[in-house]
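**Student:** Just dropping this structure here.
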Amino acid sequence: MWSLSHIANEIHRWLNDLFNPTWALIIEMVMAGVAVIGLFAVLGLVLVLMERRVAAWIQIRLGPNRVGPFGLMQSMADTLKLIVKEGLTPDGADKVMFNIAPFIAMIVAMLLMAPIAFAKDFQLWDLNIGVLFVTAVSSLMVVSILMAGWSSNNKYSLMGAMRSGAQIVSYELSAGLSIMTIIVLTGSLQVSDIIHAQNNGWWIFKGHFPVWVAFVIYIIAVTAETNRAPFDLAEAESELTAGFHTEYSGMKFALFFLAEYINVFIVCAIGATLFLGGWMPLHFGTDNAFNQAMDWIPSSVWFFGKTFFLIFLIMWFRWTFPRLRIDQLLNLEWKYLLPISMINLLLATAMAILGWHF
Amino acid sequence: MSKELLKLRITELFPEAAFDESGEWLNTEVPAEKWPALAEQLKADSHLALDYLFCLTCIDWKTHFTMVYHLSSTKFRHNLVFKVKLNREKPEVGTVCHIWRTAEFHEREVYEMFGVNFLHHPDLRLLILPDGWEGKNPLRKDFEDPVNMIRL
Amino acid sequence: MYRQTEIVQEKSPGIVGESGEFTINVGPQHPATHGVLHLVITLSGETILKVEPHLGYIHRSIEKMCESLTYRQFIYVTSRMDYLSAHINNHACALAVEKGLQLEIPPRAQVIRVLMDELTRVASHELWWGAMAMDLGAFTPFFHAFRERESINDIMEETCGARLTMNYMVPGGVMQDIHPNFQRRVKEFLKLYKQKIHEYDELVTGNIIFQNRMKNIGILSPEDAVSYGCTGPTARGSAVSCDIRKIYPYEIYDKLEFDEVLEEGGDSFARYMVRIREMQQSIRIIEQLIDNIPEGEFQAKTKAVLKLPKGEFYTRVETARGELGVYIVSEGGTTPYRIKFRSPGFSNLSVLDHIARGSKIGDLVAMMGTLDLVIPDIDR
Amino acid sequence: MFITNYIKEVWGAVKSLATGMKRTIYYFTHHKEIITQEYPDNRDTLVLPERFKGEVVMPHNQDNEHRCTGCTACELACPNGTIKVITKFDLTPEGKKKKAIDKLVYHLELCTMCNLCVEACPSDAIKMAQTYEHSVFDRNQLTKILNNPGSKIMEGVE
């Protein structure tokens, strides 16, 4: 059957025929890198357009509809504008850090792409600690934000960065704990294992109450971790104008902007992998007609469908809720999410030991 | 309370008050040096209870300034007007912003617009006008701004 | 001669002073200030130690301008003060001139004026509601509020010929009779409003995040509210009865059935609820009047050149933000000798420092939002 | 009870958030509620109310005649010097001098659309037009002369 893994294998074989294995590997790596960068660009364009459309429809507006058919070229035009704009570096800024920070944000986002399974057997690096890798690397994001905030030599930026630091560090806990729930149920940190464990039904269906709770907590925590409303305190515009990227303009701003959307994509992809089965089609039980019918839909469609559903959910939050205050944000984490997710992890463990899940 | 009763009460507090009943509300003229002490009494007095200063302004009469204090009582709902005549060359009057907090901003506005000096005001600086406008008081009748003024 | 931006000098060259305090400039261009308000905030971490307003970025010296305008002309300037309740400002000025002329206003004009005032009040509160939610990070209510506000603006446009600065009130009545469609359009608006009013609660009022952001911040005691000269919803949120329409009724307000909205508490949420409930009271007034507009003249006969007798005339009206006082000192000429506008925003702003101390910077926007500051009204 | 209160609190919070999300998803799916007007595209169908104050114009009839007597009532009524009436003296057929307007200069850039000039005009010579696209590249184009060249006063207007 035609699939992404099929194409990948064909290319692999073809390259191995032409070159020796070392060169083939190097070329493959370069190709993967180019593919990731290409995916970044496409995702950036698509997600920005999607956000603007979702926002517009929720806000009883039309949204972008002038550039290209149905406004599809709007984000292209925006990108062009951002590239052409002058990238200012403020006088008092720490120039090296100021210029490096947006790239660090991008590099972190790129690293996070590695263990994501986009389709059946189509994955950059199926390392055995895949989920741990994701949680570890995603916490590096805060470094770029702190660098940007500090080096801008602007009080608004600094406040935004400090808020963001407190926020990301604390919300990683409950995000990690809710991921742990799935790891306990699966018994593996490897992404492919987690997906294969959902062969007879996604965790959200067969995991009962603890997984539902874990899913809700995960969504809340990653919304906070990616600094999106209602947890966008790092860039709370009515308080801190634009938070940590107040002083950024042009392409450097665009990189932050892009990194935010890529991060949203990645956390949603991880969420889809853990709770909604990744590329795994909707299965109930084993070997029945329904499952076979579902298998006809390509696995990449399943993956992107689930991911974009979660992205929509996060956008939906953003355009509905007001922003929290910094102390309420930390209250929510330490007084509500963390205790709940700890108890939930205990429940999930008990359930895994007793074998109550399907 | 009717105007007559109010008059009686004010006379009790301040015997040399001069009244003017031509307007809608009772006008009382008070000398500048007596004003802050009287103001304190006006708020504290249980029959007057003038706890709400709803308008504080100044009028430039070319020969002199008149500070106008519009006072009201949220308890009895009567309104009284107090006027303080000031010397145009050296306008000075005691502040009332410790009695009615709203006077702090209003007095700063009068200070910059008319140049009236409010004694013992905690923070008498320009509020609306930019730095460097000290001494030029736009709402005085003899003020001329050659750049921005449109005369019709 | 253009004014230069005030640059606040810091004591220490670094970002944070020796005592850990630092100042930030909120405004004159800042998303939360809705205009050119400039606040210099002294902070310690996220906690506000002091708020110091620097005003005057939109000061046009309207009081000085009015001294050279005739009694017919000066009304239009006041639309530019509190542009969200332009009708009510015009109304106050017209009332002051009428008080001087001792004019009797035809009943039809009175009813039209009150109707327009209340429509303006609803429109102003709609905008405030949207902007308030936007300050707190919820963008959607802003657009939903504008939907209702637009339909009011359309009504205004049809009858007064403009959407924001109408200049519809003239001494003696209103400039033109109401448009033939007016009653139908207002009834349509009432229907729309009633269909959509529950959304306000669903989207914002009932929201747990919003309530947590608003409750127990910016607490203003009734004594302080009076002492600082707060009026309008700001003071009524502290249970200070100060509705001029009730206390010193003008036009036909004494014949109308409506409640003065009072809320205990004095926090931002109380001020928010006052405005939300006040909109419903305004709707109630409109409903009472819309079918009962008396026939007759819409303008009293006035002379072409108005001359006020020598004396002082003070009128107070209730705008959407509080008490607006117009103080005219006349020397008997065609132009006022001195005009003072006692604007509600000016006094309401002065309380900001008092209520903001000790709270977080995120609360500052919530407090500024509930004070409902309109900067041209403050600067005049 | 602490635990029940805690659960109640969480439940109430979730419920209030769900109410808001229900409202927004309603608008997301109901595109009929969209109120945006696509302005430059709907220019042909856009009708402004007849009282809309766009700019002051002086209507002329088909014989290029207007109703302005040059009485300067509008100039006096204008609060900010928008209108300037420049008069001249025409000779009537009987040989008498008669006051008439040479030019009625109107500064659109100063106008605040307050309608006072239209109210003040005793002969209904000027009115408000419903135009709304006033932006031009040169400020001088905003200074307009309201009476057409070669126009004269209508018969019977005093």
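Residue numbers (my numbering), protein chains in the order written: chain A, 210 to 567; chain B, -17 to 134; chain C, 44 to 423; chain D, 345 to 502. Backbone N, C-alpha and C fix where the C-beta goes; we use that ideal spot for every residue, glycine too.
1. Check whether chain A comes within 8 Å of residue 89(C), counting only Cβ atoms and requiring the distance to be less than that.
2. With distances taken Cα to Cα, identify the nearest neighbour of residue 462(A) among 293(A), 376(A), 275(A) and 558(A).
3. With a threshold of 8 Å between beta carbons, is residue 104(B) in contact with chain C?
4. Mind checking whether residue 480(D) and residue 411(D) have CB atoms under 8 Å apart?
5. Can a CB atom of chain A be found closer than 8 Å to the CB of residue 400(D)?
6. Determine, using beta carbons only, whether residue 509(A) and residue 387(A) come nearer to each other than 8 Å.
7. Quick one, are the C-beta atoms of residue 425(C) and residue 368(C) less than 8 Å apart?
8. Check whether chain C comes within 8 Å of residue 33(B), counting only Cβ atoms and requiring the distance to be less than that.
9. From what residue to what residue does the alpha helix (DSSP H) around residue 95(C) run?
10. Does the segment 248 to 266 of chain A come into contact with the segment 464 to 477 of chain A, if we say contact requires no fewer than three beta-carbon pairs (one atom in each stretch) closer than 8 Å?
11. So, does the CB of residue 82(B) fall closer than 8 Å to a CB anywhere in chain C?
12. To be precise: take each residue of the segment 544 to 563 of chain A, compare its Cβ to all Cβ atoms of chain D, and keep it if any distance is under 7 Å. Which residues remain?
13. If we ignore side chains and look at the alpha-carbon of each, how far apart do residue 53(C) and residue 98(B) end up?
14. Can you look up residue -16(B) in the DSSP assignment and give me helix, strand or coil?
15. In chain order, what residues of the same chain have a beta carbon less than 8 Å from the beta carbon of residue 134(B), not counting five sequence neighbours either side?
16. Checking the sheet assignment: what are the DSSP bridge partners for residue 358(C)?
17. Whose CA, out of 92(B), 105(B), 69(B) and 57(B), lies closest to the CA of residue 385(C)?
18. What does the alpha-carbon distance come out to for the pair residue 450(A) and residue 383(D)?
19. Determine, for residue 498(D), whether the minimum Cβ-Cβ distance to residues of chain A falls below 8 Å.
20. Quick one: Cα of residue 34(B) to Cα of residue 7(B), how far?
21. Contact between the segment 378 to 387 of chain A and the segment 299 to 315 of chain A: three or more CB pairs below 8 Å?
22. Quick check on residue 343(A): does DSSP put it in helix, strand or coil?
23. I'd like to know whether the C-beta of residue 263(A) is nearer than 8 Å to at least one C-beta of chain D.
24. Would you list the residues sitting across from residue 326(A) in a DSSP beta bridge?
25. Using beta carbons (cut-off 8 Å, strictly below), is residue 74(C) in contact with chain G?
26. Quick one: any contact between the segment 423 to 440 of chain D and the segment 451 to 461 of chain D, if contact means 3 or more CB pairs under 8 Å?
27. What do you get for residue 337(A), buried or exposed, if any count of 16 or more other CB atoms within 10 angstroms of its CB means buried?
28. In terms of residue numbering, what span does the alpha helix (DSSP H) encompassing residue 473(D) cover?
29. So, is residue 349(D) buried or exposed, given that buried needs 16 or more other C-beta atoms within 10 angstroms?
30. Going along chain B in order, which residues have a C-beta closer than 9 Å to the C-beta of residue 228(C)?
31. Rounded to whole angstroms, what is the Cα-Cα separation between residue 79(B) and residue -10(B)?
32. Run down chain C in chain order and give the residues with a C-beta less than 8 Å from the C-beta of residue 155(B).
33. Identify the contact partners of residue 530(A) in chain D, using a Cβ-Cβ distance below 8 Å as the criterion.
34. With a threshold of 8 Å between beta carbons, is residue 533(A) in contact with chain C?
35. In the segment 352 to 370 of chain A, which residues sit with their C-beta less than 9 Å from some C-beta in chain C, listed in chain order?
36. Near residue 458(A), what residues of its chain come up, given a Cβ to Cβ distance below 8 Å and the 5 sequence neighbours on each side ignored?
**Tutor:** Let me lay it out:
1. Position 46 of the third sequence holds residue 89(C). So, interface residue.
2. Counted from its first residue, the first sequence places residue 462(A) at position 253. Residue 462(A) has its Cα closest to that of 293(A), out of 293(A), 376(A), 275(A) and 558(A).
3. Position 122 of the second sequence, counted from the start, is the residue given in the question as residue 104(B). No, residue 104(B) does not count as interfacial toward chain C.
4. Here residue 480(D) is taken as the residue at index 136 of the fourth sequence, counted from 1. Here residue 411(D) is taken as the residue at index 67 of the fourth sequence, counted from 1. For the 8 Å CB-CB criterion, residue 480(D) and residue 411(D) do not form a contact.
5. Translated into positions along the fourth sequence, residue 400(D) becomes position 56. Not one chain A Cβ lies under 8 Å of residue 400(D).
6. For the purposes of this step, residue 509(A) is taken as residue 300 along the first sequence, with counting starting at 1. For the purposes of this step, residue 387(A) is taken as residue 178 along the first sequence, with counting starting at 1. No, the pair does not count as a contact, with Cβ atoms beyond the cut-off.
7. Outside the modelled stretch of chain C, which goes from 44 to 423, sits residue 425(C), for which no answer is possible.
8. By one-based count along the second sequence, residue 33(B) stands at place 51. It does: the Cβ of residue 33(B) has a partner Cβ on chain C nearer than 8 Å.
9. Here residue 95(C) is taken as the residue at index 52 of the third sequence, counted from 1. Looking at the DSSP string, residue 95(C) is not in any alpha helix (DSSP H); the run it does join, the beta strand (DSSP E), is 90 to 97.
10. yes
11. Here residue 82(B) is taken as the residue at index 100 of the second sequence, counted from 1. Taking Cβ atoms only, chain C reaches closer than 8 Å to residue 82(B), which makes this a yes.
12. Contact residues of the segment 544 to 563 of chain A toward chain D are 545 (C-beta to C-beta distance below 7 Å).
13. Within the third sequence, numbered from 1, the residue matching residue 53(C) stands at position 10. Within the second sequence, numbered from 1, the residue matching residue 98(B) stands at position 116. Caution is warranted here: a pLDDT of 45 is assigned to residue 53(C), below 50, making its placement in the model unreliable, and the coordinate value is therefore given only provisionally. Going from the Cα of residue 53(C) to the Cα of residue 98(B) covers about 30 Å.
14. Numbered from its first residue, the second sequence carries residue -16(B) at position 2. Residue -16(B) falls in the coil class under three-state DSSP.
15. Against the second sequence, residue 134(B) aligns to sequence position 152. At residue 134(B) the pLDDT is 49, less than 50, meaning the model places this residue with poor confidence and gives no usable figure here.
16. Locating residue 358(C) in the third sequence gives position 315, where the first residue counts as 1. Its beta-bridge partners are 369(C).
17. For the purposes of this step, residue 385(C) is taken as residue 342 along the third sequence, with counting starting at 1. Answer by Cα proximity: 92(B).
18. The sequence position of residue 450(A) within the first sequence is 241, counting from 1. The sequence position of residue 383(D) within the fourth sequence is 39, counting from 1. Approximately 30 Å between the Cα atoms of the pair.
19. Taking the fourth sequence and counting its residues from 1, the one referred to as residue 498(D) is at position 154. No, no contact with chain A.
20. Numbered from 1 along the second sequence, position 52 holds the residue referred to as residue 34(B). Numbered from 1 along the second sequence, position 25 holds the residue referred to as residue 7(B). If you take the alpha carbons of residue 34(B) and residue 7(B), they lie about 15 Å apart.
21. no
22. In the first sequence, the residue the question calls residue 343(A) occupies position 134. If DSSP states are grouped into helix, strand and coil, residue 343(A) belongs with the helices.
23. As a position in the first sequence, residue 263(A) is number 54, starting the count at 1. It does: the Cβ of residue 263(A) has a partner Cβ on chain D nearer than 8 Å.
24. Position 117 of the first sequence holds residue 326(A). Note: residue 326(A) sits in a beta bridge opposite 332(A).
25. Within the model displayed, chain G is absent; protein chains A, B, C and D are what it includes.
26. yes
27. As a working note, residue 337(A) is residue 128 in the first sequence. Burial call: exposed.
28. Numbered from 1 along the fourth sequence, position 129 holds the residue referred to as residue 473(D). Per DSSP, residue 473(D) belongs to no alpha helix (DSSP H); it is in the beta strand (DSSP E), 471 to 473.
29. Position 5 of the fourth sequence, counted from the first residue, corresponds to residue 349(D). Its Cβ having fewer than 16 others within 10 Å, residue 349(D) is exposed.
30. Position 185 of the third sequence, counting from 1, holds the residue named residue 228(C). Near residue 228(C) there are no residues of chain B at all, since even the closest Cβ is about 36 Å away, more than 9 Å.
31. On the second sequence, position 97 is the one that residue 79(B) refers to. On the second sequence, position 8 is the one that residue -10(B) refers to. Using only the alpha carbons, I get a separation of about 26 Å.
32. Examination of residue 155(B) is not possible in this model, given that chain B is present from -17 through 134 alone.
33. In the first sequence, residue 530(A) corresponds to position 321, counting from 1. The contacting residues are 361 and 364.
34. If you number the first sequence from 1, residue 533(A) lands on position 324. For residue 533(A), the answer is yes, since a Cβ of chain C falls inside 8 Å of its Cβ.
35. 362, 363, 364, 365, 367 and 368
36. Indexing the first sequence from 1 puts residue 458(A) at position 249. The answer, listed in chain order, is 294, 295, 296 and 297.
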